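Heads up, the thing below is written out as structure tokens.
Chains as they are written, first to last, in our numbering: chain A, 23 to 273; chain B, 40 to 227.
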């Protein structure tokens, strides 16, 4: 088939699958054809409601254990990888949490779960393994930012850091906990930096950390938790965080 | 072939296949429609993947794993739900005819507003997706639930990207119509 039917192309457009020339063409047709624009709204509404209502769920823990046993791998070891081993500090914190819980105070904000830092690193690693680390590839912030429209509730902050040595590569949707979040990808020489923006998220107490060899820097601005993860040197990642925070907001 | 798998294979399996277990399970669940059946399918697929781990070219582990899961799910469907697969050829024919005639969207009976679509709840969505014919369902799930791009979907479902695009458009179209005509909570 030849996918020139605009009603087909509008799906590919919404999915960020069109090259710039075709995307422009679709945008022109969307402006000219109200029926096509309505079609686009419907498709975006459907994508959004699916993302909201049918979040990705994990495999049953039992299943992983059975499969590991079936192929002769040891049954799942206790979650004690060297990198995530609880330190005395974490233990002290958990004692503090226990005391806090014992006091009858609300526990919602402190409810346990995989720490965001682990999930941010997992998302980054997974993106590196995928055919491409971004769902929308563009060095133009004005292409990347609108791509998130309709995919996540809040538009992410996207800034141009090319002059600081961190060109924009694109963006993708990651999932942290059960929440889809915007992740921007920047480049530092041959290394990629994933930057996840988590509305109302929590950052790590120390603001920088290392998990499985990846450096992590986190900070909060205007109620949004930012997570930068990369295999660049810690100093480079700090420089990136500094440049991102200092950059003029996009216009 | 037939010899014992080395520890290398186990390590490779752990790094290639295990990270994608959640995706494998999700696809199997959407294809079989049942959690327990999905576990059987994933387990079978993982054993196949383990035996074939030497054949993985190291490009896209997720697509490779999902391809095997899909194959295992189709085998399972053939044994247990053969009726759901019978229609595939007919559908393809219809699809071809419609897209070549460019008549894919001409006669939409009723197309709801975006606001109505946005109000669909998880149960209605799941029911509507479950009713999609398998080729449409898997394309929609891989894209809109699991977030694969067209190229990956084309790799997993073994069809050209143009077919991915038209199946996806058709699947979404059916869902949108279904959500629009469904009575809220109207499952009997």
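In this text, a Cβ means the ideal position worked out from N, Cα and C, and glycines have one as well.
Bear in mind that the values here come from a model prediction, so they are computed numbers and not experimental data.
Proximal chain B residues relative to residue 139 of chain A, where beta-carbon distance stays under 9 Å: The residue labelled residue 139 of chain A in the question sits at position 117 within the first chain. Those do not exist, as residue 139 of chain A stays about 18 Å from chain B at its closest Cβ, beyond 9 Å.
Cβ-based burial, residue 110 of chain A [other Cβ within 10 Å; buried from 16]: One-based indexing of the first chain puts residue 110 of chain A at position 88. Low local confidence applies: a pLDDT of 46 at residue 110 of chain A is under 50, so the model's placement there is unreliable, with the coordinate-based value given in what follows. Around the beta carbon of residue 110 of chain A, fewer than 16 other beta carbons sit within 10 angstroms, so the residue counts as exposed.
Distance CB(residue 140 of chain A)-CB(residue 194 of chain A) smaller than 9 Å: What you label residue 140 of chain A is simply residue 118 of the first chain in a count that begins at 1. What you label residue 194 of chain A is simply residue 172 of the first chain in a count that begins at 1. In this structure, residue 140 of chain A keeps its C-beta atom at 9 Å or more from the C-beta atom of residue 194 of chain A.
Length of the line joining the Cα atoms of residue 198 of chain B and residue 171 of chain B: The count along the second chain starts at 1 and reaches residue 198 of chain B at position 159. The count along the second chain starts at 1 and reaches residue 171 of chain B at position 132. Near 18 Å, if we compare the C-alpha coordinates of residue 171 of chain B and residue 198 of chain B.
Run of the alpha helix (DSSP H) containing residue 32 of chain A, from where it starts to where it stops: Here the question's residue 32 of chain A lines up with position 10 in the first chain. In the DSSP assignment, residue 32 of chain A falls within the alpha helix (DSSP H) that extends over 28 to 36.
Neighbourhood of residue 211 of chain B by C-beta distance below 8 Å, restricted to the same chain and skipping five residues each side: Taking the second chain and counting its residues from 1, one reaches residue 211 of chain B at position 172. Excluding sequence positions up to five before and after residue 211 of chain B, its CB lies within less than 8 Å of the CB of 179, 183, all in the same chain and listed in chain order.
CB contact check: residue 151 of chain B to chain A, cutoff 9 Å: Along the second chain, read from residue 1 onward, the residue named residue 151 of chain B stands at position 112. Put simply, the CB of residue 151 of chain B is near chain A, with a gap under 9 Å to one of its CB atoms.
Chain C within 9 Å of residue 183 of chain B, Cβ atoms only: The chain labelled as chain C is not found among the protein chains of the depicted structure, namely A and B.
Local Cβ density within 10 Å of residue 91 of chain A, reported as buried at 16 or more and exposed below that: In the first chain, counting from the first residue as 1, residue 91 of chain A sits at position 69. The residue in question, residue 91 of chain A, is exposed, as its Cβ has fewer than 16 Cβ neighbours within 10 Å.
Selection of the region 149 to 177 of chain A by Cβ proximity to chain B, strictly under 9 Å: Result list: 151, 152, 153, 154, 157.
CB of residue 251 of chain A within 9 Å of CB of residue 143 of chain A, strictly: Counting from one through the first chain, the residue named residue 251 of chain A turns up at place 229. Counting from one through the first chain, the residue named residue 143 of chain A turns up at place 121. Between residue 251 of chain A and residue 143 of chain A, the gap from beta carbon to beta carbon is short of 9 Å.
Contact list for residue 89 of chain B against chain A, beta-carbon separation under 7 Å: What you label residue 89 of chain B is simply residue 50 of the second chain in a count that begins at 1. 93, listed in chain order.
Under 7 Å from the C-beta of residue 80 of chain A: neighbouring residues of chain B: Within the first chain, numbered from 1, the residue matching residue 80 of chain A stands at position 58. Neighbours of residue 80 of chain A on chain B, chain order: 61.
Cβ-Cβ distance between residue 104 of chain B and residue 84 of chain B below 9 Å: As a first step, residue 104 of chain B is located in the second chain; it is residue number 65 there, counting from the start. As a first step, residue 84 of chain B is located in the second chain; it is residue number 45 there, counting from the start. Closer than 9 Å, so yes.
Bridge-paired residues (DSSP) for residue 219 of chain A: The residue given as residue 219 of chain A occupies position 197 in the first chain. In DSSP, residue 219 of chain A forms a bridge with A:204, A:248.
Length of the line joining the Cα atoms of residue 263 of chain A and residue 86 of chain A: Here residue 263 of chain A is taken as the residue at index 241 of the first chain, counted from 1. Here residue 86 of chain A is taken as the residue at index 64 of the first chain, counted from 1. Rounded to the nearest whole angstrom, the C-alpha separation of residue 263 of chain A and residue 86 of chain A is 37 Å.
Closest Cα partner of residue 156 of chain B within the set A:147, A:183, A:207, A:65: The count along the second chain starts at 1 and reaches residue 156 of chain B at position 117. Nearest in C-alpha terms to residue 156 of chain B, of all of A:147, A:183, A:207, A:65, is A:65.
Beta-carbon proximity check, residue 159 of chain B vs residue 167 of chain B, cutoff 9 Å: Indexing the second chain from 1 puts residue 159 of chain B at position 120. Indexing the second chain from 1 puts residue 167 of chain B at position 128. In contact: residue 159 of chain B and residue 167 of chain B (Cβ atoms closer than 9 Å).
Proximal residues, the region 29 to 53 of chain A versus chain B, C-beta separation under 9 Å: Residues of the region 29 to 53 of chain A that bring their beta carbon within less than 9 Å of a beta carbon in chain B comprise 29, 30, 31, 32, 33, 34, 37, 38, 39, in sequence order.
Opening and closing residue of the alpha helix (DSSP H) in which residue 196 of chain A lies: Position 174 of the first chain, counted from the first residue, corresponds to residue 196 of chain A. Boundaries around residue 196 of chain A are those of the beta strand (DSSP E), 190 to 198, since no alpha helix (DSSP H) includes it.
Bridge-paired residues (DSSP) for residue 213 of chain A: Within the first chain, residue 213 of chain A is the residue found at index 191, counting from 1. Residue pairing from DSSP places residue 213 of chain A in a beta bridge opposite A:210.
Through-space distance from residue 30 of chain A to residue 113 of chain B, alpha-carbon basis: Position 74 of the second chain holds residue 113 of chain B. Position 8 of the first chain holds residue 30 of chain A. Taking the straight line joining both Cα atoms gives about 27 Å.
Contact set for residue 161 of chain A: own chain, Cβ-Cβ below 6 Å, skip 5 residues either direction: As a position in the first chain, residue 161 of chain A is number 139, starting the count at 1. Cβ within range, chain order: 189, 190.
Partner residues on chain B for residue 67 of chain A, Cβ-Cβ distance less than 8 Å: On the first chain, residue 67 of chain A is found 45 positions in, with the first residue counted as 1. Near residue 67 of chain A (Cβ distances below 8 Å), the residues of chain B are 153, 154, 156, 157.
Contact residues within the region 100 to 113 of chain B, judged by C-beta distance below 9 Å to chain A: Residues are counted here when their Cβ sits less than 9 Å from a Cβ of chain A; for the region 100 to 113 of chain B these are 100, 101, 102, given in chain order.
Close-in-space but distant-in-sequence residues of the same chain around residue 49 of chain B (CB under 7 Å, 5 per side omitted): Counted from its first residue, the second chain places residue 49 of chain B at position 10. There are no such residues.
Chain-ordered neighbours of residue 52 of chain B on chain A, where CB pairs are closer than 8 Å: As a working mapping, residue 52 of chain B is identified with position 13 in the second chain. Correct list: 93, 95.
Cα-Cα separation, residue 207 of chain A to residue 216 of chain A: Position 185 of the first chain, counted from the first residue, corresponds to residue 207 of chain A. Position 194 of the first chain, counted from the first residue, corresponds to residue 216 of chain A. Their Cα atoms are separated by approximately 5 Å.
Beta-carbon proximity list for residue 209 of chain A, same chain, < 6 Å, skipping 5 on both sides: The residue you call residue 209 of chain A lines up with position 187 of the first chain. These residues qualify, in order along the chain: 189, 191.
At least three beta-carbon pairs within less than 8 Å, the region 167 to 177 of chain A to the region 44 to 61 of chain A: No, the region 167 to 177 of chain A is not in contact with the region 44 to 61 of chain A.
N- and C-terminal bounds of the alpha helix (DSSP H) containing residue 56 of chain B: Locating residue 56 of chain B in the second chain gives position 17, where the first residue counts as 1. Careful: residue 56 of chain B lies outside any alpha helix (DSSP H) and carries neither H nor E.
Pairwise C-alpha distance: residue 67 of chain B and residue 167 of chain A: The sequence position of residue 167 of chain A within the first chain is 145, counting from 1. The sequence position of residue 67 of chain B within the second chain is 28, counting from 1. Distance between the alpha carbons of residue 167 of chain A and residue 67 of chain B is about 33 Å.
is_contact[residue 73 of chain A, chain B] using C-beta, thresh 9 Å: For the purposes of this step, residue 73 of chain A is identified with residue 51 of the first chain, where counting begins at 1. With a threshold of 9 Å between beta carbons, residue 73 of chain A makes contact with chain B.
Per-residue DSSP class, three states only, for residue 201 of chain B: Locating residue 201 of chain B in the second chain gives position 162, where the first residue counts as 1. In the displayed model, residue 201 of chain B falls within a helix according to three-state DSSP.
Residue 145 of chain A burial status per 10 Å Cβ neighbour count (16 or more: buried): Taking the first residue of the first chain as position 1, residue 145 of chain A is located at position 123. It is buried - the Cβ of residue 145 of chain A has at least 16 other Cβ atoms within 10 Å.
Any C-beta of chain B under 9 Å from that of residue 204 of chain A: Within the first chain, residue 204 of chain A is the residue found at index 182, counting from 1. Chain B, which has no Cβ nearer than 9 Å to the Cβ of residue 204 of chain A, makes this no.
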